[in-house]
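**Q**
Number of protein chains: 2
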Amino acid sequence: MPHVYDHPRAALTVDCVVFGFDGGELQALLIRRGLPPFKDTWALPGGFVRVEETLDEAARRELEEENGLRNVFLEQLYTFGSVHRDPRERVVSIAYFALVKPEAVAAATDAAEAKWFPVSDLPTLAFDHAEILTTALSRLRGKLTYQPIGFELLPRKFTLTQLQRLYEAVLGHHLDKRNFRKKVLSLDLLTPLEESRQEGPHRPAQLFRFDPERSDRLKERGFLFE
Amino acid sequence: MPHVYDHPRAALTVDCVVFGFDGGELQALLIRRGLPPFKDTWALPGGFVRVEETLDEAARRELEEENGLRNVFLEQLYTFGSVHRDPRERVVSIAYFALVKPEAVAAATDAAEAKWFPVSDLPTLAFDHAEILTTALSRLRGKLTYQPIGFELLPRKFTLTQLQRLYEAVLGHHLDKRNFRKKVLSLDLLTPLEESRQEGPHRPAQLFRFDPERSDRLKERGFLFE
DNA sequence: CCAAAAGTGTTGAAACTACACCCATGG
DNA sequence: CCATGGGTGTAGTTTCAACACTTTTGG
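Protein chains in written order, with the numbering used here: chain A, 222 to 447; chain B, 222 to 447.
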């Protein structure tokens, strides 16, 4: 396609902040750069946007190519356009954040030079990726408190304790067990399953799955956690 | 600057959804296009991003150039990247939303081919600008309920009734007068002024101004309106 | 029988909703 | 004195926070 609007142009990239949860800490997926600039530095997965694909498509393509990730929860985060983000020329980046279920975490790690890091202990990042990651984290915290997206970080079947651990890890403080369960169950988003989970010398826990249909009703008005 | 990363590139624009409030209805500022594509159609103010300016700078520059607007509340909204948004070639647009105080509304209208429209009665818009505007509206509604930004649409000195009318116009439903005043005042963001306003055969109203210092404390934790 | 996590209810405080009348002013 | 919008308080309900013990299982 010719350039109808003729002027110098910024290059366009997408960068993805990919969150995962291992049951203990919130993790972010990073890739070690093989090329300059910032060769050998850890960076967010991402790459250039092609002229014939949408931004969402570019983000999904990069996640699949670089990390073998498919069908993840993906949402546009913010667009970063400082003039010298990239030391070589003007590059504007549309940042996304993605939530991946534990089932997919292993696949992601197989990818060459990809690794999960706890968000509390990140390496130095290339470009302005530290800022992007911080933005993503606060967006995740915000969304978690008023939209039902926590389930995107848990296995399809999960226990209330797992869900609570996730909230605690992301929000950064303890929650009262009884109040948490009351609140979550009152939202009427979870379907209890027949099975139960037992993984140790203690009473087995009830398993639930998230019910997206019920969720649709709530999605708009939202709810509120502390 | 040469293109270090060599590949076909999308053009980059910013588009601004500019909201104003006349005391009755929420208004949006539009510009009639003088050039194709969509010549003579109404569109959001905006234009191309230059390689040596940030995205925020581009948005502010366009608002000033096209509408004579300065010092407005401005926030990045979302980036729109459908492949054929612009019929001629690939153009990705970073959308912003702006809130302007009535003092500045007149200036904006003076600009050639610029006009305020009530959001309830908009003309057909160029490109995907209708979608952008809808997105901005729902963002505005969302933010109004948990962040103190309503003041950006009111004169520096305003009455509680004006503030309530604004909330009602944006949220689209009536609010209880007594409950509204209780809630707003309990947030402790407003400083009552000595003066009072009287513009009719009735008791004059107390004027307030918004106190940004007090607001900083709240900004993070947020509050909640219905 | 011990250790470990699952599960469950109540009470007091705070916030929210609904609701109706008097006040100050200009004409 | 009338019309207009400004201003105020309370009671019932709902939501929220704090808090401790019993249950089920494996070893």
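Glycine included, every Cβ here is placed at the ideal spot set by N, Cα and C.
#1: Does any C-beta atom of chain A lie closer than 9 Å to the C-beta of residue 467 of chain B?
#2: Would you verify that the beta carbon of residue 229 of chain A is, or is not, closer than 9 Å to some beta carbon of chain B?
#3: Within a Cβ cutoff of 7 Å, which residues of the same chain sit near residue 253 of chain B, ignoring the five residues on either side of it in sequence?
#4: Which of the three DSSP states, helix, strand or coil, is assigned to residue 339 of chain B?
#5: Can you pull out the residues from the region 352 to 369 of chain A whose beta carbon lies closer than 7 Å to at least one beta carbon of chain B?
#6: In chain order, what residues of the same chain lie with their CB nearer than 6 Å to the CB of residue 339 of chain B, ignoring the 5 residues before and after it?
#7: Closer than 8 Å by beta-carbon distance: list the chain A residues that pair up with residue 252 of chain B, in chain order.
#8: Just how far apart, CA to CA, sit residue 417 of chain A and residue 423 of chain A?
#9: Which of the three DSSP states is assigned to residue 239 of chain B in this structure?
#10: What residue from B:298, B:240, B:255, B:250 has the CA that sits closest to residue 356 of chain B's CA?
#11: So which residues on chain A does residue 233 of chain B lean against when the C-beta distance must stay under 8 Å?
#12: Is it buried or exposed for residue 288 of chain B, if we count other Cβ within 10 angstroms and need 16 for buried?
#13: Mind checking the region 236 to 249 of chain A against chain B and listing, in chain order, the residues whose C-beta falls within less than 8 Å of any C-beta there?
#14: Hey, does residue 269 of chain B have any beta-carbon neighbour from chain A nearer than 9 Å?
#15: Using the Cα positions of residue 351 of chain B and residue 276 of chain A, report the straight-line distance between them to the nearest angstrom.
#16: Looking at chain A, which residues of the region 287 to 317 of chain B have a Cβ within less than 9 Å of any of its Cβ atoms?
#17: Would you call the region 389 to 397 of chain B and the region 405 to 413 of chain B touching, i.e. three or more CB-CB distances under 8 Å?
#18: With the cut-off set at 9 Å, would you say residue 233 of chain A and residue 414 of chain B are in Cβ contact?
**A** Let me spell this out:
#1: Here chain B has residues from 222 to 447 only, and residue 467 of chain B is not among them.
#2: Yes, its Cβ sits closer than 9 Å to a Cβ of chain B.
#3: Hits under 7 Å: 261, 263, 334.
#4: Of the three classes helix, strand and coil, the one that applies to residue 339 of chain B here is strand, per DSSP.
#5: Under the 7 Å Cβ criterion, the region 352 to 369 of chain A contributes no residue.
#6: These residues qualify, in order along the chain: 246, 248.
#7: Result: empty, since nearest Cβ-Cβ is about 18 Å, beyond 8 Å.
#8: Between the alpha carbons of residue 417 of chain A and residue 423 of chain A lies a distance of about 12 Å.
#9: Looking at residue 239 of chain B - three-state DSSP - the assignment turns out to be strand.
#10: The option with the nearest alpha carbon to residue 356 of chain B is B:298.
#11: Chain-order list of chain A residues neighbouring residue 233 of chain B: 230, 231, 233, 313, by C-beta distance under 8 Å.
#12: Buried, since its Cβ has 16 or more Cβ neighbours within 10 Å.
#13: Of all residues in the region 236 to 249 of chain A, none has a C-beta nearer than 8 Å to a C-beta of chain B.
#14: Answer yes: the Cβ-Cβ gap between residue 269 of chain B and chain A drops below 9 Å somewhere.
#15: Cα to Cα, residue 351 of chain B sits roughly 19 Å from residue 276 of chain A.
#16: Cβ contacts with chain A: 297, 299, 300, 301, 302, 303, 304, 307, 309, 310, 311, 312, 313, 315.
#17: Judged by Cβ distances under 8 Å, the region 389 to 397 of chain B makes no contact with the region 405 to 413 of chain B, as fewer than three pairs qualify.
#18: No, the Cβ-Cβ distance between residue 233 of chain A and residue 414 of chain B is not below 9 Å.
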